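One structure below.
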Amino acid sequence: MTALLELKGVDKAFSNVRVLQKVDFVIKAGRVVALAGENGAGKSTLMKIITGIYRRDAGTMRYRGSDVQFTSARQSMDAGIAMIHQELNLLQQLTVGENIFLGREPTDRMGRIQWPVIKERSRYWLGQLKQDISPLELIANLSIAQQQMVEIARALSMNAELIIMDEPTDALTDVETKILFDVIGHLREQGKGMVFISHRLGEIFRMCDDVAILRDGAMVHQGPVSEIDEDELIRHMVGRELSQQYPYDGVKPGPVRLKVDGVSAHGVSNVSFTAHAGEVVGFAGLVGAGRTELGKAIFGANPTTAGTIEVDGAATRLRTPRDGVGAGIGYVTEDRKHEGLIQAHGLRSNMSLIGLFRFSGLLGALDKKAEKETITGYIDAFSIKTHGIDAMVSQLSGGNQQKVSIAKSLLAEPRILILDEPTRGVDVGAKREIYNLINELKSQGLCILLMSSDMPELLGISDRILVLSNGRLTGSFSRDEADQESIMRCTVAGLKEATVQ
Amino acid sequence: MKIKEFALENIPLIGLVILMILVSLASPSFLSVDNFLNILRQTSINAIIAMGMTFVILTAGIDLSVGSILAFAGAVCASMIGADTPLLVALFTTLAIGAALGAASGSIVSFFGVQPFIATLVGMTMIRGAVLVYTDGRPISTGDFEVANAFYELGGGYVAGIPIPVIIAGVVFLVCWYVLNHTRMGRHVYAIGGNEQVAKLAGVNVSAVKITVFAISGALAALAGIILTARLESAQPTAGLAYELDAIAAVVLGGTSLMGGRGRITGTLIGALIIGVLNNALNIMDVSSYFQMIAKGGVILLAVVLDRRGKTTE
Ligand SMILES: Nc1ncnc2c1ncn2[C@@H]1O[C@H](COP(=O)(O)OP(=O)(O)OP(=O)(O)O)[C@@H](O)[C@H]1O
Ligand SMILES: [Mg+2]
């Protein structure tokens, strides 16, 4: 089979730091190639070189039989290459339809934008993805998963020959992932070439035909998926053997740390549960089930309309995130880009923002030396790949940004930690590190609420799993009785109830 | 590599140096200690206002009311001095009034969600109106009590050969620099400008910080009003007209982003000096004041464009 696109000997450095060296990479028509590698291995960079966002320092690129050199995303788009970026790139204050056709608005002969066409085409592509989202809805009103689906619809609507998907399933639950995979299957039958990047290794084996593995900027393996197994894949990625993906640590839970009683808020209705010190409580649910809303309500970022919240036996009024931080609650958002980190600021000032009180003395004067030491310590402990303590956050790879986001919450030394999709975009090795960290925090007596769409992860490290559906609790499982199927049943339970009513 | 980095980081400073070289070539009388002290003294009022403005702009706000606050503070201060109020009482009352006026704008911004531009535009108009009502449109004399002579020193006096307004501006600079770079408050200011939502979720008291930055801006405008009144030995009802523009220009020339979250107080100081040197040079070279405005606008445009280009060619 001929290659749709072929890269040879590609090099790339950012201000003298080598990111890619002598990379060869082939994409074939009618096949899905997985691109695997640790955080910061250079996957996104390689894709941005293909689409002309970054300029390669050396190497050649052949696309549909001729040498090409794209100098802007626009050019590659016109040549039939679409890319779904890892970080969402939607304009929050525009509508779904406007975003899908941004820069490609269909016009009539007078140059007037044809809104009916935009509406109709948007609806069509969202329909292909089984999404019931109005083209007139503002992006800002959508959940992260819905925004991801809009990004996917945008890429599909370009009718591209080559579609690059940089961690598209990152923000999706099993249900949406399945829908996406069906669509990918169709595109494959139509002979399109696709690149699929994901840190969920199971997906690679489920969906992809070929796999290419980057390690520290070098291509260490490329071949059919059928000729490799998961252990070997991991070995290529991290360069060593990794034992046991979900380390579980059975700690004897301490006293009740958090008591949520009859709490209602936007997206949450009448939720009650308790969580103990030294316990990890997992929350399962579909997109829109209210997990994020519940997490925010407990933290004080989503005002409650009813119910009470007790921390360590004391009733607390949580009306702003400030109250949450004051009550010893840490919250790691699922929306890193808009809520988690200040993209244009350095790693240091981002990481210490919540925990600044630890370093401030009289009149808020900062002990910068102590700050630097603490932060360097976290950078080491989390093995965050960065070229300096003041490197701009936007220049870190996605997974490393996620680590910064978690470290930022821990710096304030919380008693309760709410983790909303904490391993989103994080590689296998680093996932392990995060799980180990969760276990360690647990043994130190932290109470951890874990919201995750990654079911194996939820089953793997939670002590207890609560299921949310449509804003209500519809199930509660101990570690031993939890299994994928019964949880799935509960996740849709509330939906049926709602349609009956 | 190192040199290029330094250059990109310090475009305002390089601009100032180039400007000074050009001016001294064009006009030899520019290069004298006396003239330099003169420039510094003339710059100090704008620099003080601009440093307060820097706080506001770093939070992605803007303060258009500084000129009016300056005039109001000057009028109040002049009448207190004219009524033989003890100097320190008069000064602190005036500063407090400036801070309170600023805090009022800040509260409107924080609690009613009004855009800083609008809130302070309203403040600018209303406070100027209050000044005209209070002074009846006439200058207010500082009287001839003993205290007035001490008061004049603030505008025209020297310590060790350095004009007192310059010393005041220097102290203000050091305090602002410390607050922005070495305190929790400073980090919060940058964080709010960088991404308000992130700051809020990090437990930052966004309203309190915003009110504080406007209060700082108001207090420093009042301080500038005190110095100007002391220098002119009376308060003018039209004092400080359009001063907000020079202050904003100094901040922007200093490389601070109007989008908030990025910038340095050192830059603002340099920005104010650029404007000061330019004014001085145009005066020495006998350029008519109408042309001065055109030239000043051109230089500001040039500087900002260069700065933009430096930042985007990364
Ligand atoms: N614009 C940039 N400026 C400087 N360094 C950069 C820039 N973009 C990426 N890098 C660096 O290049 C390396 C590779 O980053 P890249 O985003 O390609 O990783 P990745 O494989 O996509 O990782 P992840 O799985 O976390 O998304 C990282 O070390 C990153 O810090
Ligand atoms: Mg990436």
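Going down the list, the sequences are from chains P and Y. The numbering used here applies: residue 352 is where the first sequence begins, and numbers increase by one. The numbering used here applies: residue 16 is where the second sequence begins, and numbers increase by one. Virtual Cβ for every residue (Gly too), placed ideally from N, Cα, C. All values reported here derive from a predicted model rather than from experimental measurement.
Tell me, please, whether the CB atom of E685/P is closer than 8 angstroms to any CB atom in chain Y? no
Is there a Cβ of chain Y sitting closer than 8 angstroms to that of P672/P, yes or no? yes
Scan the segment 189-200 of chain Y for residues whose Cβ lies nearer than 9 angstroms to a Cβ of chain P and list them as they occur along the chain. Per Cβ criterion, the list reads Y193, V194, N196, H197, T198, R199, M200.
For M308/Y, count neighbouring C-beta atoms within 10 Å of its own C-beta (all shown protein chains included) and say buried if the count is 16 or more, exposed if not. exposed
Using a Cβ-based criterion (distance less than 7 angstroms to any ligand heavy atom), does K394/P qualify as near ligand 2? yes
Do Q694/P and S734/P have their C-beta atoms closer together than 8 angstroms? no
What do you get for G574/P, buried or exposed, if any count of 16 or more other CB atoms within 10 angstroms of its CB means buried? G574/P should be labelled exposed.
Please confirm whether I726/P and L513/P have their CB atoms less than 8 angstroms apart. no
Can you give me the start and stop residues for the alpha helix (DSSP H) that D731/P sits inside? 719-732
Going by beta carbon distance, what residues of the same chain come within less than 7 angstroms of D459/P, once the five residues before and after it are set aside? Q465
Identify every residue that forms a DSSP beta bridge with Y173/Y. P178/Y
My assumption, with CB atoms under 8 angstroms, is that G89/Y sits in contact with T244/Y. Please give the rounded CB distance. With a Cβ gap of about 4 angstroms, G89/Y and T244/Y count as contacting.
Within 8 angstroms of any Cβ in chain P, is that where the Cβ of F279/Y sits? Note that residue 279/Y corresponds to Arg in the displayed sequence, not to Phe. No, no contact with chain P.
Whose Cβ in chain Y lies nearer than 8 angstroms to the Cβ of Y682/P? L216
Looking at C-alpha atoms only, which residue of N295/Y, G152/Y, Q251/Y, Y305/Y is the closest neighbour of A41/Y? Taking each of N295/Y, G152/Y, Q251/Y, Y305/Y in turn and checking the Cα distance to A41/Y, the smallest one comes out for N295/Y.
Put N390/P into one of helix, strand or coil per three-state DSSP. coil
Quick check for students: name the residue ranges of the alpha helix (DSSP H) that lie wholly in the segment 466-522 of chain P, counting only runs of 4 or more. 466-479, 495-507
Is there a C-beta anywhere in chain Y that falls below 8 angstroms from the one on G410/P? no
Assess contact between the segment 808-816 of chain P and the segment 614-634 of chain P, defined as three or more Cβ pairs (one per stretch) separated by less than 8 angstroms. Is contact present? yes
Measuring CB to CB, does T396/P end up less than 8 angstroms from L371/P? yes
Using a Cβ-Cβ cutoff of 8 angstroms, what residues of the segment 208-233 of chain Y are near chain P? List them in chain order. Answer in chain order: G209, N210, Q212, V213, A214, K215, L216, A217, G218, V219, N220.
Cβ-based neighbour list, G208/Y, same chain, cut-off 6 angstroms, excluding 5 preceding and 5 following: L73, T74, A75, G275, G276
Quick one: measure Cβ to Cβ for M66/Y and F188/Y, integer angstroms, because I've assumed they're closer than 8 angstroms. 6 angstroms
Under 9 angstroms by beta carbon: chain P residues contacting G128/Y: Chain P residues near G128/Y: none, gap ~16 angstroms exceeds 9 angstroms.
Determine the contact status of V676/P and A763/P, defining contact as a CB-CB distance below 8 angstroms. yes
What residue range is occupied by the uninterrupted beta strand (DSSP E) comprising P575/P? 569-575
Could you tell me whether any Cβ in chain Y is nearer than 8 angstroms to the Cβ of I325/P? Any property of residue 325/P remains undetermined from this structure, which presents chain P solely from 352 to 852.
My parser needs the beta strand (DSSP E) runs of 3 or more residues fully inside the segment 566-643 of chain P; what are they? Those beta strand (DSSP E) runs which fall completely within the segment 566-643 of chain P and span 3+ residues are 569-575, 607-616, 619-627, 630-635.
is_contact[G76/Y, chain P] using C-beta, thresh 8 angstroms: no
Flag this pair as touching only if the segment 78-88 of chain Y and the segment 226-241 of chain Y have three or more C-beta atom pairs under 8 angstroms; answer yes or no. yes
Give a single yes or no on whether Q318/P has its beta carbon closer than 7 angstroms to a heavy atom of ligand 2. Limits of chain P in this structure are 352 at one end and 852 at the other, which puts residue 318/P out of reach.
Mind listing the chain Y neighbours of I705/P? Cutoff is C-beta to C-beta under 9 angstroms, in chain order. L216, A217, G218, V219
Classify H537/P: buried if its beta carbon has 16 or more other beta carbons within 10 angstroms, exposed otherwise. exposed
Closer than 7 angstroms: is that where the CB of V384/P sits relative to any heavy atom of ligand 1? no
Out of I63/Y, L46/Y, P27/Y, which has the shortest C-alpha to C-alpha gap to I183/Y? I63/Y
Quick one: does G646/P have its CB under 8 angstroms from some CB of chain Y? no
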